[in-house]
Amino acid sequence: RVAQTLRSGARVASPVAGALRNSFTVVQEATPRLNRCELYVPGTQAKIIPKAAKSAADVVVMDLEDSVAIGEKEVARKNVIQALKEVDFGNKTVAVRINGLYSHHMYRDVVDIIEQAGERCDVFIVPMVGVDKDVYMADALVSQVEEAVGRKKKIGFGLIIEATMGMMNVNSIAAASKRNESLHFGVADYSASTKSRTTNIGGPNKLYGVLTDKDGDKPRDFVWGDPWHYAMSRIVVAARANGLRPVDGPFGDIGDPDGYRAQCNRGAALGMEGKWAIHPSQVAIANEVFSPGEAEVTQARRVLEAMEKAQREGLGAVSLDGKLVDIASIKQADAIVKKAEAIAA
Ligand code: GLV
Ligand code: MG
3 RVAQTLRSGA RVASPVAGAL RNSFTVVQEA TPRLNRCELY VPGTQAKIIP KAAKSAADVV
63 VMDLEDSVAI GEKEVARKNV IQALKEVDFG NKTVAVRING LYSHHMYRDV VDIIEQAGER
123 CDVFIVPMVG VDKDVYMADA LVSQVEEAVG RKKKIGFGLI IEATMGMMNV NSIAAASKRN
183 ESLHFGVADY SASTKSRTTN IGGPNKLYGV LTDKDGDKPR DFVWGDPWHY AMSRIVVAAR
243 ANGLRPVDGP FGDIGDPDGY RAQCNRGAAL GMEGKWAIHP SQVAIANEVF SPGEAEVTQA
303 RRVLEAMEKA QREGLGAVSL DGKLVDIASI KQADAIVKKA EAIAA
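Numbered according to my numbering, the sequence shown terminates at residue 347, and the numbering increases by one at each position without gaps.
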């Protein structure tokens, strides 16, 4: 089958050889991981970490940055190191959000975690990345400590884009290190950085919309827009173009599951791989939205079958249920099938 040929990586032998190439430049995908939901736990909350480890989130992030008060930084770091050594995280991706490069706590987070916490940490989430040199510096520091302790597994980077400088430089940031795995949209700090008229963490803004034309023949309507569309789209493009996963950040209204679901849906529609959960009640919603549904997977398999048949007959495009499918459809469908297989594995 076409899909199997593509999945095996034997693209030369495929009847649609080259179908996954977008340019003469072939993008290398980052270390593959499920990334539908990232559950954040403040590093100060030692008792909650084992609970997060048992949750359904694909990624647990123990936070040393903004959910930890300045006076608690050392305690939080110790808790996280102990959890990395003692808690059973199963097959989850385990991440630590270290402090930003703007703070002296950052180097100590890196040094102590790599020196003292064994190899269970998979990813450092690096906040407030502003320029590609921030990533270079973090990479150099992490590389030195890893080498000094003889660490076998290299730590990956999840980079938070959450200030105008980071957004301006998102393309070079995305390409700045082989450790890069994901880009995250930190909407709270981003709205502070742009001086947006809100104190919410994410979500819609009642100021942001248009009033339909007053000369129209229908009653006027105020149509809400998504104030984060541009920022999210830029992150999706920069991430995907560099083989990284784009991940949408926090939604602060933990009492509004419908609002959270809507935020997940519009992220998924744009190409986001997943979303943060800042409360356990958000995990199941993100998992559901960022998993392809049964009907979607069945349809994707039908597209692959239709295109396999088309290719055998020497055709590049055919009609399926009255809609055109072509070689681009193979790439769309293959991504859905692959994701479903990773979730089932
Ligand atoms: C996350 O760190 C944010 O600022 O939204
Ligand atoms: Mg932030």
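Just so you know, even glycine gets a beta-carbon here, dropped at the ideal spot from N, CA and C.
Worksheet item: Hey, would you say Gly245 sits closer than 8 angstroms to Gln30, going by beta carbons?
Response: Start at 1 with the first residue of the sequence shown, and residue 245 comes out as number 243. Start at 1 with the first residue of the sequence shown, and residue 30 comes out as number 28. A contact, by the Cβ cut-off of 8 angstroms.
Discussion item. Quick check on the DSSP output: what are the complete alpha helix (DSSP H) runs of length 4 or more inside the segment 84-126, in order along the chain?
Written reply: 107-118
Discussion item. Which same chain residues end up closer than 8 angstroms to Val285 when comparing Cβ atoms and leaving out the 5 residues on each side of it in sequence?
Written reply: For the purposes of this step, residue 285 is taken as residue 283 along the sequence shown, with counting starting at 1. Result list for Val285: Cys39, Leu41, Ser57, Ala58, Ala59 and Ala279, in chain order.
Discussion item. Below 7 angstroms, is the gap between the Cβ of Ile203 and the nearest heavy atom of the ligand GLV?
Written reply: Taking the first residue of the sequence shown as position 1, residue 203 is located at position 201. Yes, Cβ of Ile203 sits closer than 7 angstroms to a heavy atom of the ligand GLV.
Worksheet item: With a CB to CB cut of under 6 angstroms and the five nearest residues on each side skipped, what residues in its chain are close to Gly251?
Response: Locating residue 251 in the sequence shown gives position 249, counting from the first residue. His186, Phe187, Gly188, Val189 and Trp278, listed in sequence order.
Worksheet entry | Lining residues of the ligand MG - beta-carbon closer than 6 angstroms to any non-hydrogen atom, in sequence order | Asp68, Pro129, Glu164, Gly188, Ala190 and Asp191
Worksheet item: When the Cα of Gln84 is compared with those of Gly73, Ala71, Val98 and Asn93, which residue comes out closest?
Response: Sequence index remark: in the sequence shown, residue 84 carries index 82 (1-based). Ranking the options by Cα distance to Gln84, first place goes to Val98.
Worksheet entry | Every unbroken alpha helix (DSSP H) inside the segment 180-257 [4 residues or more] | 189-196 and 231-243
Worksheet item: DSSP beta-bridge partners for Val348?
Response: Lying before the first or after the last residue shown, residue 348 is absent from the chain, which here runs from 3 to 347.
Item to complete: Determine the DSSP secondary structure at Glu310, reduced to helix, strand or coil.
Response: Locating residue 310 in the sequence shown gives position 308, counting from the first residue. Glu310: helix per DSSP, three-state reduction.
Fill in: Touching by the beta-carbon criterion (3+ pairs, under 8 angstroms), the segment 230-243 and the segment 214-222
no
Worksheet item: Rounded to a whole number of angstroms, what is the C-alpha to C-alpha distance between Ile237 and Asn171?
Response: Taking the sequence shown and counting its residues from 1, the one referred to as residue 237 is at position 235. Taking the sequence shown and counting its residues from 1, the one referred to as residue 171 is at position 169. Taking the straight line joining both Cα atoms gives about 11 angstroms.
Discussion item. In the DSSP output, which residue or residues are listed as bridge partners for Ser321?
Written reply: Locating residue 321 in the sequence shown gives position 319, counting from the first residue. Answer is Leu326.
Worksheet entry | Spatial distance of Phe253 from Ala312 (CA atoms) | On the sequence shown, residue 253 is found 251 positions in, with the first residue counted as 1. On the sequence shown, residue 312 is found 310 positions in, with the first residue counted as 1. Straight-line Cα distance between these residues: approximately 44 angstroms.
Item to complete: Can you tell me which of Asp223, Gly261 and Gly204 puts its alpha carbon nearest to the alpha carbon of Ile287?
Response: The count along the sequence shown starts at 1 and reaches residue 287 at position 285. Checked all of Asp223, Gly261 and Gly204; the closest Cα to Ile287 is Gly261.
Worksheet item: Once you ignore the five residues that flank Glu343 on each side, which residues in its own chain have a CB closer than 7 angstroms to its CB?
Response: Taking the first residue of the sequence shown as position 1, residue 343 is located at position 341. The answer is none, since no qualifying residue turns up.
Worksheet item: Regarding Ser256 and the ligand GLV, is the C-beta to nearest heavy atom distance less than 7 angstroms?
Response: Reading the sequence shown from its first residue, position 254 is the one you call residue 256. According to the sequence as given, residue 256 is Ile; it is not Ser. Not so, every heavy atom of the ligand GLV lies at least 7 angstroms from the Cβ.
Discussion item. Assess contact between the segment 117-135 and the segment 171-182, defined as three or more Cβ pairs (one per stretch) separated by less than 8 angstroms. Is contact present?
Written reply: yes
Discussion item. For the ligand GLV, is there any heavy atom lying closer than 7 angstroms to the beta carbon of Pro252?
Written reply: Looking up residue 252 in the sequence shown gives position 250. Checking every heavy atom of the ligand GLV against the Cβ of Pro252, one is found closer than 7 angstroms.
Discussion item. Can you confirm whether the segment 74-94 touches the segment 151-158 when touching is taken to mean that 3 or more C-beta pairs between the two stretches lie within less than 8 angstroms?
Written reply: no
Discussion item. Quick check: is any heavy atom of the ligand GDP less than 7 angstroms from the C-beta of Ile162?
Written reply: Of the ligands this structure carries, namely the ligand GLV and the ligand MG, none is the ligand GDP.
Discussion item. Buried or exposed, going by whether 16 or more other CB atoms sit within 10 Å of the CB of Ile72?
Written reply: Position 70 of the sequence shown, counting from 1, holds the residue named residue 72. It is exposed - the Cβ of Ile72 has fewer than 16 other Cβ atoms within 10 Å.
Discussion item. On the DSSP letters alone, give me the boundaries of the alpha helix (DSSP H) that Val172 sits inside.
Written reply: On the sequence shown, position 170 is the one that residue 172 refers to. Counting along the chain, the alpha helix (DSSP H) containing Val172 begins and ends at Val172 to Ala176.
Worksheet item: Which same chain residues, not among the five before or five after Asp141, have their C-beta less than 7 angstroms away from its C-beta?
Response: Here residue 141 is taken as the residue at index 139 of the sequence shown, counted from 1. Correct list, in chain order: Ser179 and Arg181.
Worksheet item: So is Val327 buried or exposed if we call it buried at 16+ other beta carbons inside 10 Å?
Response: Numbered from 1 along the sequence shown, position 325 holds the residue referred to as residue 327. So Val327 counts as buried.
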